[in-house]
């Protein structure tokens, strides 16, 4: 049995506060650019700020009795097992590459998952460099800085604004053959990167996003935020690279992209 609506609203508020917890520290570090950058085994970047941000998020989630004992998994510090029913999912700095260059599209992501069915129930994304927070819970709508958001109503794929991943992501996920297909389908295809275009799709600024080669923490909040904003978020497990391809956006555009991209 899932949690009651009032519980989801409390969980969404906690996720939002946790995502915002390291905001000032991350923004200051991005401006100062005084950290060391390492390359992880999967090719992504890591700074000491990532680890400190994750510690602050975890501390915020633990500092309440609500959902006490829930498991927590984060990109940098791994998984803490706990309650078999619920799991918090954390990406302390989604977009370490733009963060390391003080490009303000990086974010902190927090989501709550029902482990019995795998459903993402709550999601929050905070973008410190833009002073924006997005959040949603199942049945409760999606919000940007407290204001309701909706996906666009566009249906013409050629006229749509799309965002996609890098050529490296396409290679890692075995999707090289799809890259030219997408760029031929619409006249405005961009590679914004990370969760930034997901949130832009949730508020109707971008119409469709195809993001190959993602880990769960890269898209978990997007799943519920985009869907609660009236959109569609499809996930395909690939068994390669980071394991997941994600297609999201306004329903009419996603339907056309799903056929084009063999979803």
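In the working numbering, the protein residues as written are 70 to 332.
Backbone N, C-alpha and C fix where the C-beta goes; we use that ideal spot for every residue, glycine too.
- Residue 102 carries a coil assignment under DSSP once its states are collapsed to helix, strand and coil.
- Proximity of the region 182-201 to the region 270-290 meets the contact definition, three or more beta-carbon pairs being nearer than 8 Å.
- Judged by DSSP secondary structure, residue 141 falls within the beta strand (DSSP E) whose first and last residues are 139-143.
- With a cutoff of 9 Å on beta-carbon distance, residue 261 and residue 232 are scored as near each other.
- For residue 267, the enclosing alpha helix (DSSP H) starts and ends at 265-271.
- Along the length of the region 143-199, whole beta strand (DSSP E) runs at least 3 residues long occupy 147-149, 152-163, 176-183 and 189-196, reported in chain order.
- One Cα belongs to residue 280, the other to residue 94, and the distance between them is close to 28 Å.
- Residue 230 is bridged by DSSP to 257.
- In the three-state scheme derived from DSSP, where H, G and I count as helix and E and B as strand, residue 136 is classed as coil.
- The beta carbons of residue 176 and residue 265 sit about 7 Å from each other, so the pair counts as a contact at 8 Å.
- Less than 9 Å divides the Cβ of residue 248 from the Cβ of residue 239.
- With fewer than 16 other CB atoms across the displayed protein chains lying within 10 angstroms of its CB, residue 237 is exposed.
- Between the C-alpha atoms of residue 123 and residue 202 there is a straight-line separation of about 17 Å.
- Counting along the chain, residue 118 sits inside the alpha helix (DSSP H) bounded by residues 117-131.
- The C-alpha of residue 137 is placed about 44 Å away from the C-alpha of residue 245.
- Under the three-pair Cβ rule at 8 Å, the region 265-279 counts as touching the region 307-318.
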